[in-house]
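Below you'll find the structure, written out as structure tokens, and then a few comments.
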Amino acid sequence: MKKELLIFGSEGALGKGISSALVEKDYDSVILFDFKFHEPTNTEKIKKVAIKDLSIEQNVIEAFSEIKPDRSKKFFLFSSIGGFAGGSEIWDKDFDEWKRMFDINLMTNVLIAKHFSKLIIKSHSGAACFTAAYSVFQNETGKAAYGASKSALVHLIKSLAHEGEKINLSVNGIAPFIIDTPSNRDWMVDADFSRWMKPNEIGELVHKLFECYNFVSGNVITLKNRFEI
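Numbers given in the numbering used here equal positions in the sequence shown, counted from 1, plus 10.
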């Protein structure tokens, strides 16, 4: 049975690491979704699709129009879609920032989840993995809007995992602390980078979740620190 991989947010630092790990696995075809692509497709099995604001449902519908349901195909989706804004206490935070955090971290993924579920209903089965945040489990000053939006995403993951049982859809999430990206290295130059989560290693974890998708669902895996082996 054929396997198709969908990656939303493939061009960001996390998305690129995830993509580099997953495209080497045994997926028959891969579709990468992002707002802009800087490099051409390298293999015939990879297709790149430019997307627009995913908090608008019509844009999500257009993205999923690139995929055809198939009863003889399994679909796997990873979403790194999200964003961060912080630095001020609740009483100083502009309400528009709250709305922006919920749009980019929750509503985009609600719509991705909705239309991926519709695809799975008309196909064999599938799995999705979304990107939450370690901030969900650890309160930090200045991150209320970000943490609240990611907490809502965690509830979405667990709710869809429960409802997805009836359509052969499993859903999990990852909740990384600090990811080893160029921007994070520039921001925290004195940190121990070896402790940070590596995007390609996260990709290996996501693939393992997909390999076990028929019995692993409803989990949000915290990824705080790593060590060298």
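The C-beta atom is built at its ideal place from N, Cα and C for all residues, glycine as well.
> Quick one: what's got a C-beta closer than 8 Å to aspartate 36's C-beta in the same chain, skipping five residues either side?
Replying inline: Residue numbering aside, residue 36 sits at position 26 when the sequence shown is read from its first letter. Within the same chain, aspartate 36 has close Cβ partners Lys13.
> Roughly how many whole angstroms lie between the Cα atoms of glutamate 211 and glutamine 68?
Replying inline: Taking the first residue of the sequence shown as 1, we reach residue 211 at position 201. Taking the first residue of the sequence shown as 1, we reach residue 68 at position 58. Each residue's alpha carbon lies about 33 Å from the other.
> Is asparagine 235 buried or exposed, if buried means 16 or more other CB atoms sit within 10 Å of its CB?
Replying inline: Mapped onto the sequence shown, residue 235 falls at position 225. That one is exposed.
>> Using only the alpha-carbon positions, how far apart do lysine 62 and phenylalanine 43 sit?
In response: The sequence position of residue 62 within the sequence shown is 52, counting from 1. The sequence position of residue 43 within the sequence shown is 33, counting from 1. Those two C-alpha atoms are separated by around 10 Å.
> Roughly how many whole angstroms lie between the Cα atoms of glycine 213 and isoleucine 239?
Replying inline: Within the sequence shown, residue 213 is the residue found at index 203, counting from 1. Within the sequence shown, residue 239 is the residue found at index 229, counting from 1. Each residue's alpha carbon lies about 18 Å from the other.
> Are there three or more Cβ pairs, one per stretch, closer than 8 Å when the segment 86-100 is compared with the segment 113-126?
Replying inline: yes
> Residue range of the beta strand (DSSP E) that proline 186 falls in?
Replying inline: Taking the sequence shown and counting its residues from 1, one reaches residue 186 at position 176. Element bounds for proline 186: 179-186.
> With which residues is isoleucine 189 paired in a DSSP beta bridge?
Replying inline: The count along the sequence shown starts at 1 and reaches residue 189 at position 179. DSSP lists Met207 as partners of isoleucine 189.
> Where does threonine 118 fall in DSSP's three states?
Replying inline: In the sequence shown, counting from the first residue as 1, residue 118 sits at position 108. Assignment of threonine 118 by DSSP, reduced to helix, strand and coil, places it in the helix class.
> Does the segment 122-132 come within contact of the segment 164-182, defined as at least 3 CB pairs closer than 8 Å?
Replying inline: yes
> Going straight from the alpha carbon of lysine 58 to that of phenylalanine 45, what length do you get?
Replying inline: Here residue 58 corresponds to residue number 48 of the sequence shown, with the count starting at 1. Here residue 45 corresponds to residue number 35 of the sequence shown, with the count starting at 1. Using only the alpha carbons, I get a separation of about 10 Å.
> Are phenylalanine 231 and alanine 185 closer than 9 Å when you measure CB to CB?
Replying inline: Here residue 231 refers to the residue found at position 221 when the sequence shown is read from its first residue. Here residue 185 refers to the residue found at position 175 when the sequence shown is read from its first residue. At residue 231 the sequence reads isoleucine, which differs from the phenylalanine that was named. A contact, by the Cβ cut-off of 9 Å.
> Span of the beta strand (DSSP E) holding alanine 137?
Replying inline: Start at 1 with the first residue of the sequence shown, and residue 137 comes out as number 127. Where alanine 137 is concerned, the enclosing beta strand (DSSP E) stretches over 135-141.
>> Do leucine 15 and phenylalanine 74 have their beta-carbon atoms positioned less than 9 Å apart in this structure?
In response: Mapped onto the sequence shown, residue 74 falls at position 64. Mapped onto the sequence shown, residue 15 falls at position 5. Cβ distance not < 9 Å, so phenylalanine 74 and leucine 15 don't count as in contact.
> Are there 16 or more other CB atoms within 10 angstroms of the CB of cysteine 139, so buried, or fewer, so exposed?
Replying inline: Indexing the sequence shown from 1 puts residue 139 at position 129. So cysteine 139 counts as buried.
> Among the residues of its own chain, which have a CB less than 6 Å from the CB of serine 20, if the five just before and after it don't count?
Replying inline: Counting from one through the sequence shown, the residue named residue 20 turns up at place 10. Within the same chain, serine 20 has close Cβ partners Ser29, Leu42, Asp44.
> Is there contact here, the segment 194-203 with the segment 175-183, by at least three beta-carbon pairs under 8 Å?
Replying inline: A contact is defined here as three or more CB-CB pairs under 8 Å, and the segment 194-203 fails this definition with respect to the segment 175-183.
> What residue from Val181, Asn182, Lys208 has the CA that sits closest to isoleucine 189's CA?
Replying inline: Residue mapping note: residue 189 aligns to position 179 of the sequence shown, counting from 1. The shortest C-alpha separation from isoleucine 189 is found at Lys208.
> If we count the other Cβ atoms within 10 Å of its Cβ and call it buried at 16 or more, is serine 65 buried or exposed?
Replying inline: In the sequence shown, residue 65 corresponds to position 55, counting from 1. Result: buried.
>> Measuring straight from C-alpha to C-alpha, what distance separates asparagine 224 and alanine 137?
In response: For the purposes of this step, residue 224 is taken as the residue at position 214 of the sequence shown. For the purposes of this step, residue 137 is taken as the residue at position 127 of the sequence shown. Going from the Cα of asparagine 224 to the Cα of alanine 137 covers about 8 Å.
>> Among Glu49, Lys78, Arg205, whose alpha-carbon lies nearest the alpha-carbon of lysine 128?
In response: Taking the first residue of the sequence shown as 1, we reach residue 128 at position 118. For lysine 128, the nearest C-alpha among the options comes from Lys78.
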